[in-house]
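Numbering (this note's numbering), first residue to last: 108 to 336. Here is the structure we will look at, set down as structure tokens.
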């Protein structure tokens, strides 16, 4: 079974939005797909039902409960900072070996495609010496890079793709998630990026159109039949 690591060019670009969209498309197509978000910062129990983990659970058709959030997001920190900083504020640290082991167990146990949603961008620090890219490398799975259409995204996306390639990470796809205040259209942004990067580019417009997610899921997911829904 194939698994993917969902990462991005930065924070608040659309990782959860894209991951949830793929999961919904998988459910509609009765395909086996699930997701985890092992590291979560900016988390509050008072607002847990609106967390990224809650969005993923809802997209999988699972109850948004404290137990389920803890199951898919074992490392939760209050401060909306990079994991190393958020953990330090609580007198804690991210155990990289435990983190990668948790993900590997989930990959091995998944009945179909597993989506592992990261935190922040590709070079966000996890601890004193490791970045998100080290996390992806340790898992030896391809990445899906989520980018926006804001001013500056061309440079950020090219840099992220090159950085991942330098780290030996395969980028299975670049997903352009239309920004709230786009500097250019999805089509213009994609056309420019295609001149400089090799991974296939998928475009996700803002709004409630699920077809782009259906197309994206169809190109990425293991087409294992999950049985009647």
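Note that beta-carbon positions come from the ideal geometry of N, C-alpha and C, so glycine has one too. If you're wondering where the values come from, they're calculated on a predicted model, not measured in any experiment.
Of the residues assessed, residue 224 falls on the buried side of the cut-off, its CB having 16 or more other CB atoms within 10 angstroms. Cβ contact annotation for residue 127 (same chain, cutoff 7 Å, sequence separation greater than five): 162, 163 and 166, in chain order. In the displayed model, residue 224 falls within a strand according to three-state DSSP. In this structure, residue 256 and residue 236 do not form a Cβ contact; the two beta carbons are roughly 34 Å apart against a cut-off of 8 Å. Listed in chain order, the non-local C-beta contacts of residue 132 below 6 Å within the same chain comprise 320, 321 and 324, local neighbours out to five positions each way being set aside. Pairing residue 130 with residue 271 gives a Cβ-Cβ distance that is not under 9 Å.
Counting along the chain, residue 263 sits inside the alpha helix (DSSP H) bounded by residues 260-273. In the three-state DSSP reduction, residue 118 falls in the coil class, being neither helix nor strand. Setting aside the 5 residues that flank it on each side, residue 230 is surrounded in the same chain by 238, 239, 240 and 270, each with a C-beta closer than 7 Å to its C-beta; the list follows chain order.
Assigned with DSSP and collapsed to three states, residue 183 falls in strand. Take residue 156, set aside five residues on each side of it, and the residues of its chain with a beta-carbon closer than 8 Å to its own are 171, in chain order. Assignment of beta-bridge partners to residue 124 by DSSP yields no partner.
Per DSSP, the unbroken beta strand (DSSP E) holding residue 310 starts and ends at 308-311. The criterion of a C-beta distance shorter than 9 Å is not satisfied by residue 327 and residue 281. With respect to the 9 Å criterion, residue 243 and residue 274 are classified as neighbours on the basis of their beta carbons. With 16 or more neighbouring CB atoms inside 10 Å of its own CB, residue 309 falls in the buried class.
Going by C-alpha positions, residue 135 is about 17 Å away from residue 124. With a 10 Å radius around the Cβ and a threshold of 16 neighbouring Cβ atoms, residue 168 comes out exposed.
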